[in-house]
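Chemist:
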């Protein structure tokens, strides 16, 4: 962004405050960071920042779900995971301290839903386990362990026994968790 | 009216899938409104040019429907655009409200169209639009009410007819002013919009849609808020609206300001990203503690220390504010000052310095009273804050009802700590997640199998015995040392070595240093799960600290008692000396009156030991030595170790970083406990040493920076990165316990021990709390004295206690009842879920209970076939659930929300792909109908069967 438009218009700022769980300072900080990312973007200027650039943020760098997060929050038509500023704010709002369990679990579900089909099936869960255990061989679970784990998980959460976890089942589980809200957080 | 039906179907859908909170409130409002619409004849029906308007109405209807359809299509496309997953994922929550919003859009558009067509005034358009929306609402309400069965259905039809007629009559009317009812409705509408604005951030939509929605809602509010205030109430209303706006803005600014004021946010964030939220939780706790202490410091200094400094007598004016003659040479020595003797002892920091003048300075400040009240008020304030924080923490986070019900799910879904921003920590986290997965799998497999349980039991008992021995030993050691130090205290200071002088502090700090690792070693024997082991470890360390503290206290009280004996003698001596002086004076000068007080320098006055100051000094010394030990441990145990490991690694035989010494880990539980005990000492000591609070504030402040630095510079993330979880409240509970335990000795000393006769604000009184009775007698009007007299009557107090006990009993019973209600609801949910499941899986009832019942029935045909039942049950379900939730008092309201959620859990899983082409919705069953009943056969009126067969 050029020097003139680096400032957020005041009314927009207040609207963003109304619409997100972020405070004024956080929005301004987010805007600053976003502008910096935009400046570093090579190629023609656009209002979006590509996924690669977003992922250079230290807050997302070592997150195993980084790509999923970008995809979920991106409104790009190209499905390339690039974020506009509003998407970026959406992301931060969902991960902010004061966001409700409702919002957080909703987005968590979408992040975990790797194939975007609206339910967490066995393949999603497998991918999820793999991202949590890391990619190296010594931390990976064996096929047998994986099978056992996934069946246990489905046993616990799949209330309607259709072999998948849907959003409401997911939220049901999450809402009982003591520490989901405190750990599903990204602070700039 | 097929189209109407269509609409109704859509609205039912909307309502059914609305989010919980809105649903609850909405149902009430809607039903009310419906009642209004039914009962009250439309006030604005004048019907002048009825005929042409009717035809116009017809065409208008057509026009209205068109955009709606268009809109519907658009909506379809929109949702199609979004990925499938999104569509499904949102269905349950958002779709309802989304469509609702769209429906609102529709009405808005309609009103626009009307305006364009008929070229009426803005106001007219407004009322018209209002009507439209209301109709929508009513339909919605009807749709909802349809769940209640056939009776309502008929009403619906009537209602619908009425609606259409009323809306047409509305169009006919041309009156300019709004009637009361309309005003009220408009007001309600505006309120609703406002509510929407307030809750918009809770919707998981894209920013764009939220922005649009917000703008619309804001526009609506702006437009119609002005129209609301008419006649005499207008000014007031406008003022009110303006004020609320200002207030909102102010609140937001204030929030912003508050968050800007929170210190060390970035520092903690940095730690958080490196070490995960558990380590950060320690620093957040530290910050919280700092805030608490800052307030205590404000009380202490603002109400006690500063007044004494400004308005009290200066140093050296009276005996208690002067260093005695024999101590004066060494009073400025560092060694003495370091032990808080000399000038320190006779300074503002300690109890003894304060004068017992009833009121001081220009303001007639009652210092002794203020001293006592602040001393007690500190406890009161801390208690309040701790309990409030605990309550707040308890509200947050899930209710965690069934421990262990979701072990695997939680491990999978909530184990990642999104705050981790450091690759190394992330690697550790990966490893620990893997191990925890593996562990839990193994646990699950060998849940029941437990080899050699006897050995384990034996080992556990042995370990506990060992630890008990440790605790007892440490307690005895402290008692012994304190006793010895009393012996030493009787000797001359100069003969004693440094070690002998500081024995107590050294021993206590060493015990605190040595015992926890020892416990850890012993705990290895027990072979508990790490989390349980951590709890045990915390409990043991807590017991150790507590035991030490209390042994120390008892030893101290022993000392105080000997001091009190000692003091009596000295007091008698002084009185004797004074009497002698007076006698001599009369003898010499032969006057019996107006004898000037003895002219002795304040440094030479005979004085008592002033046990309060001694106790204060002990606490200050303890605190300071604790600070020293903590800081030195960090410096040596962490920093030096890190330096050695880092730089000696170049020339060493084995890998120091990976091998034996390695880098230190941040010991969260130990640090938190240290902080808690430090706070306990502050609470206990603050009464005897007002300066202690100041020292503590400094300590916490420096500790923040120092430990932040130490953690970042010399520690490595935990091998097993575990999350903060709810241990926060665990710590708070410990803090509360410590607060209570530190409150007791102070209150005891205030209530029972006589204060020193020649030092401190309460000198000359029998008991410290006499200050209060004195104030009541002298400063308050007599009737107040009477009141207090009655209030302190034992009979009254006993009955008050009785009342409290009764209240506690009652509340306890009530909470039990609520618990039962909760259990009941849960069971109901379970049953409903089962039934839903059955219905989906097969038509036959597989529920065991139902099956048994069926078997028991003599005539099976009594039970209608499941297909007929199927259409009925959801109606029951629907009519039941809002009732349950809309009753706020029945159960905890939080639970109510859960109930809603869980009911929706049982609903059909909308997994069928979208097969219909985008277009107007067919009246048939809709996929993704989360809570609303699955509409029955299409032919049957409004998607519901006839009157219920069994009722």
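Residue numbers (this note's numbering), protein chains in the order written: chain A, 1009 to 1196; chain B, -12 to 938. Glycine residues also receive a C-beta, built at the ideal position from the N, C-alpha and C atoms. Model, not experiment: these values are computed from the prediction.
1. Which runs of the alpha helix (DSSP H) fall wholly inside the stretch 1026 to 1050 of chain A and span at least 4 residues, in chain order?
2. Since residue 666(B) and residue 276(B) should fall inside the 8 Å C-beta cutoff, what is the C-beta to C-beta distance between them, to a whole number of angstroms?
3. Is it the case that the stretch 646 to 663 of chain B contacts the stretch 621 to 636 of chain B, given that we only count it when at least three CB pairs across the two stretches are under 8 Å?
4. Give, in chain order, every unbroken run of the beta strand (DSSP E) that is at least 3 residues long and sits entirely within the stretch 1066 to 1128 of chain A.
5. Suppose contacts are defined by Cβ-Cβ distances below 8 Å. Is residue 939(B) in contact with residue 416(B) by that definition?
6. Tell me whether residue 204(B) is buried or exposed, calling it buried when 16 or more other Cβ atoms sit within 10 Å of its Cβ.
7. What whole-angstrom Cβ distance do residue 338(B) and residue 308(B) have, given they're in contact under 8 Å?
8. Going by CA-CA distance only, name the one from 751(B), 723(B), 755(B), 630(B) that's closest to residue 674(B).
9. List, from N- to C-terminal side, the alpha helix (DSSP H) runs of 4 residues or more that fit wholly inside the stretch 662 to 718 of chain B.
10. With a threshold of 8 Å between beta-carbons, can residue 1195(A) be considered close to chain B, or not?
11. Using a Cβ-Cβ cut-off of less than 7 Å, list which residues of the stretch 232 to 253 of chain B approach chain A; keep chain order.
12. Would you kindly work out how many angstroms separate the C-alpha atoms of residue 567(B) and residue 560(B), rounded to a whole number?
13. Mapping the DSSP letters down to three states, classify residue 756(B) as helix, strand or coil.
14. Closest to residue 210(B) by C-alpha separation, out of 222(B), 173(B), 236(B), would be which residue?
15. Name, please, each residue of chain B whose Cβ falls closer than 7 Å to the Cβ of residue 1071(A).
16. Give the residues of chain A in contact with residue 413(B), contact being defined as C-beta atoms less than 9 Å apart.
17. Return the CA-CA distance between residue 1179(A) and residue 183(B), expressed in angstroms with no decimal places.
18. Could you tell me whether the Cβ of residue 396(B) comes closer than 8 Å to any Cβ of chain A?
19. Measuring straight from C-alpha to C-alpha, what distance separates residue 356(B) and residue 546(B)?
20. Please check if any C-beta of chain B sits within less than 8 Å of the C-beta of residue 1056(A).
21. Is the beta carbon of residue 291(B) less than 8 Å from the beta carbon of residue 372(B)?
22. Closer than 7 Å by C-beta to residue 502(B): which residues in its own chain qualify, once you throw out the five before and the five after it? Chain order, please.
23. Using a Cβ-Cβ cut-off of less than 7 Å, give me the residues of the stretch 1020 to 1052 of chain A that come near chain B, in sequence order.
24. With DSSP collapsed to three states, give me the class of residue 1018(A).
25. Please say whether residue 509(B) and residue 450(B) have beta carbons closer to each other than 8 Å?
26. Hey, how far is the Cα of residue 555(B) from the Cα of residue 247(B)?
27. Specify whether the stretch 468 to 477 of chain B and the stretch 486 to 496 of chain B touch according to this definition: at least 3 beta carbon pairs, one from each stretch, less than 8 Å apart.
28. Please list the partners that residue 1095(A) has in chain B, where partner means a Cβ-to-Cβ separation under 9 Å.
29. Given this structure, state the Cα-to-Cα distance separating residue 1151(A) from residue 429(B), to the nearest angstrom.
30. Counting beta carbon pairs with one atom in the stretch 669 to 683 of chain B and one in the stretch 281 to 298 of chain B, are three or more of them shorter than 8 Å?
31. Nearest CA to the CA of residue 1157(A): which residue from 442(B), 778(B), 570(B), 425(B)?
32. Using a C-beta cutoff of 8 Å, does residue 1185(A) count as contacting chain B?
33. Determine the direct distance from the alpha carbon of residue 243(B) to that of residue 740(B), and round the result to whole angstroms.
34. Please report the distance separating the alpha-carbon of residue 176(B) from that of residue 1020(A).
35. Within its chain, find whatever has a CB closer than 6 Å to the CB of residue 746(B); leave out the 5 residues flanking it on each side and keep chain order.
Modeler: Let's see:
1. With a minimum length of 4 residues, the unbroken runs of alpha helix (DSSP H) contained wholly in the stretch 1026 to 1050 of chain A fall at 1032 to 1048.
2. Residue mapping note: residue 666(B) aligns to position 679 of the second chain, counting from 1. Residue mapping note: residue 276(B) aligns to position 289 of the second chain, counting from 1. Rounded, the Cβ-Cβ distance is 6 Å, consistent with contact.
3. yes
4. none
5. Given that chain B is displayed from residue -12 to residue 938, the structure contains no residue 939(B) and the question cannot be resolved.
6. To locate residue 204(B), count along the second chain from 1; it is residue 217. The residue in question, residue 204(B), is buried, as its Cβ has 16 or more Cβ neighbours within 10 Å.
7. Locating residue 338(B) in the second chain gives position 351, where the first residue counts as 1. Locating residue 308(B) in the second chain gives position 321, where the first residue counts as 1. Residue 338(B) to residue 308(B), Cβ: 12 Å. No contact.
8. Here residue 674(B) corresponds to residue number 687 of the second chain, with the count starting at 1. Out of 751(B), 723(B), 755(B), 630(B), 755(B) has the C-alpha closest to the C-alpha of residue 674(B).
9. With a minimum length of 4 residues, the continuous alpha helix (DSSP H) runs that stay inside the stretch 662 to 718 of chain B are 678 to 701.
10. Locating residue 1195(A) in the first chain gives position 187, counting from the first residue. For residue 1195(A), the answer is yes, since a Cβ of chain B falls inside 8 Å of its Cβ.
11. 239, 242, 243, 246, 247
12. Taking the second chain and counting its residues from 1, one reaches residue 567(B) at position 580. Taking the second chain and counting its residues from 1, one reaches residue 560(B) at position 573. Residue 567(B) and residue 560(B): Cα-Cα distance of roughly 10 Å.
13. Taking the second chain and counting its residues from 1, one reaches residue 756(B) at position 769. Reduced to three states, the DSSP call for residue 756(B) is coil.
14. Counted from its first residue, the second chain places residue 210(B) at position 223. The candidate whose alpha carbon is nearest that of residue 210(B) is 173(B).
15. The residue labelled residue 1071(A) in the question sits at position 63 within the first chain. Neighbours of residue 1071(A) on chain B, chain order: 405.
16. Counted from its first residue, the second chain places residue 413(B) at position 426. Within 9 Å Cβ-Cβ: 1069, 1070, 1071, 1072, 1142.
17. For this step, residue 1179(A) is matched to residue 171 along the first chain. For this step, residue 183(B) is matched to residue 196 along the second chain. So the alpha carbons of these two residues sit roughly 23 Å apart.
18. Residue 396(B) sits at position 409 when you count from the first residue of the second chain. With 8 Å as the cut-off, residue 396(B) counts as an interface residue toward chain A.
19. Along the second chain, read from residue 1 onward, the residue named residue 356(B) stands at position 369. Along the second chain, read from residue 1 onward, the residue named residue 546(B) stands at position 559. Rounded to the nearest angstrom, the two C-alpha atoms are 27 Å apart.
20. For the purposes of this step, residue 1056(A) is taken as the residue at position 48 of the first chain. Using a CB distance cut-off of 8 Å, residue 1056(A) does not count as an interface residue toward chain B.
21. Numbered from 1 along the second chain, position 304 holds the residue referred to as residue 291(B). Numbered from 1 along the second chain, position 385 holds the residue referred to as residue 372(B). Not in contact: residue 291(B) and residue 372(B) (Cβ atoms no closer than 8 Å).
22. Position 515 of the second chain, counting from 1, holds the residue named residue 502(B). The residues are 457, 461, 531.
23. The residues in question are 1023, 1025, 1026, 1027, 1028, 1029, 1031, 1032, 1033.
24. The residue you call residue 1018(A) lines up with position 10 of the first chain. Of the three classes helix, strand and coil, the one that applies to residue 1018(A) here is helix, per DSSP.
25. Here residue 450(B) is taken as the residue at index 463 of the second chain, counted from 1. Here residue 509(B) is taken as the residue at index 522 of the second chain, counted from 1. Yes, these two residues count as a Cβ contact at 8 Å.
26. As a first step, residue 555(B) is located in the second chain; it is residue number 568 there, counting from the start. As a first step, residue 247(B) is located in the second chain; it is residue number 260 there, counting from the start. Going by the C-alpha atoms only, they are around 56 Å apart.
27. yes
28. The residue given as residue 1095(A) occupies position 87 in the first chain. The answer, in chain order, is 193, 194.
29. Numbered from 1 along the first chain, position 143 holds the residue referred to as residue 1151(A). Numbered from 1 along the second chain, position 442 holds the residue referred to as residue 429(B). Cα to Cα, the separation comes out at about 15 Å.
30. Yes, the stretch 281 to 298 of chain B touches the stretch 669 to 683 of chain B.
31. Looking up residue 1157(A) in the first chain gives position 149. When each option's Cα is compared against that of residue 1157(A), the closest is 425(B).
32. As a position in the first chain, residue 1185(A) is number 177, starting the count at 1. True, the Cβ-Cβ gap to chain B drops below 8 Å.
33. In the second chain, residue 740(B) corresponds to position 753, counting from 1. In the second chain, residue 243(B) corresponds to position 256, counting from 1. When rounded, the distance between both Cα atoms is 49 Å.
34. In the second chain, counting from the first residue as 1, residue 176(B) sits at position 189. In the first chain, counting from the first residue as 1, residue 1020(A) sits at position 12. Those two C-alpha atoms are separated by around 25 Å.
35. Here residue 746(B) corresponds to residue number 759 of the second chain, with the count starting at 1. Result list for residue 746(B): 307, 339, 597, in chain order.
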